[in-house]
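Under the numbering used here, the letters of the sequence shown match residues 1 to 258, in that order. Idealized CB from N, CA, C, for every residue including glycine. What you are looking at is a predicted structure, and each value in this text was computed from that prediction instead of being measured.
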Amino acid sequence: MSANQTFNLNIPREKLPRHVAIIMDGNGRWAEHRNLPRFAGHRAGVETVRSIVQMSGELGIEALTLFAFSSENWRRPKKEVGLLMDLFLSALEREVKKLHETGVRLRIIGDVSAFPKKLQQRIQDSMDKTRDNKGLTLNIAANYGGKWDIAQAARKLAEQVAAGTLNPQDIDESRLAEHLSLSELPEPDLFIRTGGEQRISNFLIWQLAYTELYFTHILWPDFSREEYAKAIQSFASRQRRFGQTGAQILELEQRGHA
Ligand code: IPE
Ligand code: IPE
Ligand code: MG
């Protein structure tokens with residue numbers, strides 16, 4: 001039985017999101033509700049990552065981008081930050097072989113230069129190993145910030161101007177976007193945030209400009225395949241207008257089906 005049948009996800013392919021971006025929030029509260037240390041929530045969250053990655057692959061989604069550690073998360077207690085680094089390293093060590101076998105192309109986005117050397121090496125090895133895979137592209141945002149992303153793209157353009165290879169007149173949206181993380185992928189169609197907060201928290205601020213937003217109170221370790229299916233159903237029921245009128249979109253759709 002396919003995942004589609006399991007959830008009655010009778011959604012035509014053109015209504016499925018090509019790219020899903022998720023803020024995996026609520027691990028700490030999940031643990032606190034159980035009188036467990038926050039770290040237990042992060043560990044449980046890794047299990048959710050595994051099932052959501054798998055379901056994304058089954059549905060034929062092209063890209064999944066997960067926010068694992070923000071540029072602001074360094075402000076957490078030192079012990080929690082250290083445990084998160086350890087968890088990231090052990091998850092890479094454990095999961096990459098299986099991801100590779102299932103054709104997943106793994107990418108880490110963010111300023112990884114701030115991570116311990118061993119973790120940086122493991123990140124590089126994982127990306128190299130899975131580089132040519134043709135299945136789901138899985139992007140893990142680690143020490144990522146949307147403002148950092150735009151600033152690093154601007155710096156690259158400035159370097160080209162300084163080198164005399166770029167004319168400032170030629171800088172436009174698409175030229176800047178070429179240097180952002182994920183530039184080779186379609187922009188996210190669907191954004192999901194678990195854990196009840198309704199904010200972007202410096203995630204992909206440029207790339208989310210026209211993304212459909214979905215917020216749920218479910219805490220990340222409880223975010224099941226059923227909950228993921230609900231988010232995708234919600235997405236499929238929306239009309240994306242990109243500035244046009246509803247009537248124009250209907251007409252385009254009818255012509256497409258003719
Ligand atoms: C998200 O869960 C995971 C990370 C930010 C690493 P939180 O740790 O933010 O969980 P809450 O929001 O405290 O419940
Ligand atoms: C956002 O979650 C970052 C990740 C999920 C990795 P936070 O829990 O850190 O966000 P804020 O600070 O509450 O907005
Ligand atoms: Mg949080």
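Rounded to whole angstroms, what's the CA-CA distance from Ala236 to Leu106? Just pull it up for me.
So the alpha carbons of these two residues sit roughly 26 Å apart.
Determine the extent of the beta strand (DSSP E) in which Glu212 is found, giving its start and end residues.
First-last of the beta strand (DSSP E) with Glu212: Glu212 to Phe215.
Ordered along the chain, which non-local residues of its own chain (more than five positions away) have a Cβ less than 8 Å from that of Val81?
Answer for Val81: Asn73 and Trp74, listed in chain order.
Which one or two residues does DSSP pair with Phe203 in a beta bridge?
Bridge partners of Phe203: none, in fact.
Closer than 7 Å between the C-beta and any heavy atom of ligand 1: which residues qualify, listed along the chain?
Those residues are Met24, Asp25, Gly26, Asn27, Gly28, Arg29, Trp30, Arg38, Gly41, His42, Gly45, Ala68, Phe69, Ser70, Asn73, Leu84, Gly195, Leu219 and Trp220, given in chain order.
Determine the extent of the beta strand (DSSP E) in which Arg107 is found, giving its start and end residues.
Per DSSP, Arg107 belongs to the beta strand (DSSP E) from Arg105 to Ile109.
Give a yes or no on contact between the region 201-208 and the region 31-42, applying the rule of three or more CB pairs nearer than 8 Å.
With the cut-off at 8 Å, the region 201-208 and the region 31-42 do not touch.
What first and last residue would you give for the beta strand (DSSP E) that runs through Val20?
Note, Val20: beta strand (DSSP E), His19 to Ile23.
In terms of residue numbering, what span does the alpha helix (DSSP H) encompassing Asn27 cover?
Unbroken alpha helix (DSSP H) run through Asn27: Asn27 to Glu32.
Take the Cβ of Arg240 as the centre, count every other Cβ of all protein chains shown within 10 Å, and call the residue buried at 16 or more, exposed below.
Under this definition Arg240 is an exposed residue.
Ordered along the chain, which non-local residues of its own chain (more than five positions away) have a Cβ less than 6 Å from that of Leu16?
Counting only Cβ-Cβ distances below 6 Å, and skipping sequence neighbours, we find nothing.
Could you pull out every residue in the same chain whose Cβ sits closer than 6 Å to the Cβ of Asp149, ignoring the five residues on either side in sequence?
Within the same chain, Asp149 has close Cβ partners Leu180 and Ser181.
Out of Ala142, Glu62, Gly41 and Gly45, point me to the one whose CA is closest to His19's CA.
His19 has its Cα closest to that of Glu62, out of Ala142, Glu62, Gly41 and Gly45.
If contact is defined by three or more beta carbon pairs under 8 Å, each pair taking one atom from either stretch, is the region 120-137 in contact with the region 159-167?
Output reads no: the region 120-137 does not touch the region 159-167.
Using the Cβ count rule (16 or more neighbours within 10 Å means buried), how would you classify Asp25?
Buried is the call here.
Return the chain-ordered list of same chain residues with a C-beta closer than 8 Å to the C-beta of Glu101, the five sequence neighbours on each side being excluded.
Excluding positions up to five away in sequence, the list is empty.
Taking the alpha-carbon positions, what's the Ala247 to Val112 distance?
Computed Cα separation, rounded: 46 Å.
Short check: CB of Thr194 to CB of Ile218, under 7 Å?
Contact flag set, yes.
Between Ser181 and ligand 2, is the CB less than 6 Å from at least one heavy atom?
No, Cβ of Ser181 sits at least 6 Å from all heavy atoms of ligand 2.
Could you check how far apart the C-beta atoms of Trp220 and Gly45 are, in whole angstroms? I think they sit under 8 Å.
5 Å between Cβ atoms; contact.
The beta strand (DSSP E) with Phe261 in it runs from where to where?
Residue 261 is absent from the model: the chain starts at 1 and stops at 258.
Any idea if His42 is buried or exposed, counting beta-carbon neighbours within 10 angstroms, 16 or more meaning buried?
Burial call: buried.
Please report the distance separating the alpha-carbon of Gly243 from that of Ala21.
Computed Cα separation, rounded: 22 Å.
Can you say whether Arg199 is buried or exposed, counting buried as having 16 or more other CB atoms within 10 angstroms of its CB?
Per the 10 Å Cβ criterion, exposed.
Do Leu208 and Phe191 have their CB atoms nearer than 7 Å?
It is a contact, given that the beta carbons lie within the stated cut-off.
Would Ser126 and Val96 qualify as a contact pair, given that the criterion is a beta-carbon distance under 7 Å?
A contact, by the Cβ cut-off of 7 Å.
Quick one: which unbroken alpha helix (DSSP H) runs of 4-plus residues sit fully inside the region 109-137? Chain order, please.
Counting whole runs of 4 or more residues, the region 109-137 contains the alpha helix (DSSP H) stretches 117-130.
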